[in-house]
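Student:
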Amino acid sequence: MLGPSAPGFWPAYQQSPEAQDGQPDPMDRWSERVIGGWARDLDATALFPFGGPPWLPFFSWAQRTGRIHASPIMLLVHDTAGLFVSFRGALALREHIELPEPPPSPCATCADKPCTSTCPVSAFDGTGYNVDACKSWLHSTSGADCMTSGCRARRACPVSQSHPRQPEQSAYHMQVFRGPACAD
Ligand code: B12
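This is how it looks when you write it as structure tokens:
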């Protein structure tokens, strides 16, 4: 499973033709070109988290790596990227590769679990995700902080805080997720 490596990913992506051509879905097209090229070189099959429905089960696959876990707010959490873990694609290889023993979930030793209490509209209750409440907030003036710096619950994760993800990268994804602002 392949995800962006911070902080180098965002500036490198910005130099790509897809980021500059003004056409729709630049990052998904970047992923298809780059990961598709690796797949050809490795005689592997490229798989992508977008392009659905139906969606390929990236959430379940991520948990099966052993290195990514369900957090208390049911977003995925990684030992070094924290709640900022995400995927641009995956490679289905023909051969089995040995991997080192995965570390435990960082949430197991996280006493305060700030992700559970930081969302300004309590969109995560531990069992589901209130998408309407989140999007309404993002469309309001008060939601500017989440829009420009990224989801506050994901940022609150102590592991995310030491992960050098660029705010511009979060802003891009929040914009895609929220959609255009109302015209009034
Ligand atoms: C649809 C979707 C959404 C929808 C709906 C989400 C919802 N209602 O919960 C919307 C558009 C709202 C959404 C939003 C976001 N998403 Co989203 N989304 C997806 C997508 C494309 C499909 C999910 C799906 O339905 N898969 C199909 C099902 C069958 O497969 P599965 O996911 O493996 O299914 C299993 C899990 O869902 C699991 N499961 C379900 N509930 C629970 C509960 C528990 C407790 C557990 C353990 C498991 C579990 O059980 C299922 C069966 O095995 C995935 C990518 C993908 N291909 O999976 C990204 C994905 C899950 N999203 C992701 C991201 C980054 C986001 C956003 C943060 C985007 C952003 N702003 O940057 C936002 C969240 C809002 C925020 N606070 O910022 C990341 C995960 C990041 C993370 N750390 O968890 C993914 C993997 C995409 C990626 N490219 O990396 N998303």
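Converting from the sequence shown to the numbering used here requires adding 4 to each position, the first position being numbered 1. Don't be surprised by glycine CBs; every beta carbon is placed ideally from N, CA and C.
#1: Can you tell which of His73, Phe54, Pro15 and Ile39 has the C-alpha that lies nearest to the C-alpha of Ser112?
#2: Figure out for me which residue from Gln27, Met5, Leu6 and Met31 has the closest Cα to the Cα of Trp14.
#3: Since Cys138 and Ala148 are thought to touch, with beta carbons under 8 Å apart, how far apart are those beta carbons, to the nearest angstrom?
#4: So who's on the other strand from Val81, going by DSSP bridges?
#5: Check whether the Cβ of Tyr17 lies closer than 7 Å to any heavy atom of the ligand FAD, and answer yes or no.
#6: Can you tell me which of the three DSSP states Gly93 falls into?
#7: Taking 7 Å as the cut-off, is the C-beta of Gly40 nearer than that to any heavy atom in the ligand B12?
#8: Would Ala85 pass as a contact of His177 if the rule is Cβ separation under 8 Å?
#9: Given 7 Å as the limit, tell me if Met178 has its C-beta closer than that to any heavy atom belonging to the ligand B12.
#10: So for Arg41, helix, strand or coil by DSSP?
#11: Give me the DSSP bridge partner(s) of Leu6.
#12: Checking the sheet assignment: what are the DSSP bridge partners for Ala50?
#13: Is any non-hydrogen atom of the ligand B12 found closer than 7 Å to the C-beta of Trp78, if you look at the structure I gave you?
#14: In this structure, does DSSP put Phe128 in helix, strand or coil?
#15: Using only CA atoms, which one of Ala175, Cys161, Ser174 and Gln179 lies nearest to Leu79?
#16: What I want to know is whether the C-beta of Phe91 ends up closer than 7 Å to one or more non-hydrogen atoms of the ligand B12.
Tutor: Quick answer:
#1: Along the sequence shown, read from residue 1 onward, the residue named residue 112 stands at position 108. Checking the sequence, you will find Ala at residue 112 rather than Ser. Selected option, being the one with the closest Cα: His73.
#2: Numbered from 1 along the sequence shown, position 10 holds the residue referred to as residue 14. If we check each option's Cα against that of Trp14, Met31 comes out closest.
#3: Taking the first residue of the sequence shown as position 1, residue 138 is located at position 134. Taking the first residue of the sequence shown as position 1, residue 148 is located at position 144. That pair is no contact at about 14 Å.
#4: As a first step, residue 81 is located in the sequence shown; it is residue number 77 there, counting from the start. Paired residue(s): His73.
#5: Inclusion of the ligand FAD in the displayed structure is not the case, the ligand content consisting of the ligand B12 alone.
#6: Here residue 93 corresponds to residue number 89 of the sequence shown, with the count starting at 1. Three-state DSSP puts Gly93 in a strand.
#7: Along the sequence shown, one-based indexing puts residue 40 at 36. No, since every heavy atom of the ligand B12 falls outside the 7 Å radius drawn around the Cβ of Gly40.
#8: On the sequence shown, residue 85 is found 81 positions in, with the first residue counted as 1. On the sequence shown, residue 177 is found 173 positions in, with the first residue counted as 1. Contact: no.
#9: Mapped onto the sequence shown, residue 178 falls at position 174. Yes.
#10: Here residue 41 refers to the residue found at position 37 when the sequence shown is read from its first residue. According to the sequence shown, residue 41 is Gly rather than Arg. Three-state result, Gly41: helix.
#11: Here residue 6 is taken as the residue at index 2 of the sequence shown, counted from 1. DSSP output for Leu6 lists Gly93 as bridge partner(s).
#12: In the sequence shown, residue 50 corresponds to position 46, counting from 1. Looking at the DSSP assignment, Ala50 forms a beta bridge with Leu95.
#13: The sequence position of residue 78 within the sequence shown is 74, counting from 1. Residue identity differs from the one stated: residue 78 is Met in this sequence, not Trp. The answer is yes for Met78.
#14: Residue numbering aside, residue 128 sits at position 124 when the sequence shown is read from its first letter. Strand, per DSSP.
#15: Counting from one through the sequence shown, the residue named residue 79 turns up at place 75. Answer by Cα proximity: Cys161.
#16: Taking the first residue of the sequence shown as position 1, residue 91 is located at position 87. Under cutoff, so the answer is yes.
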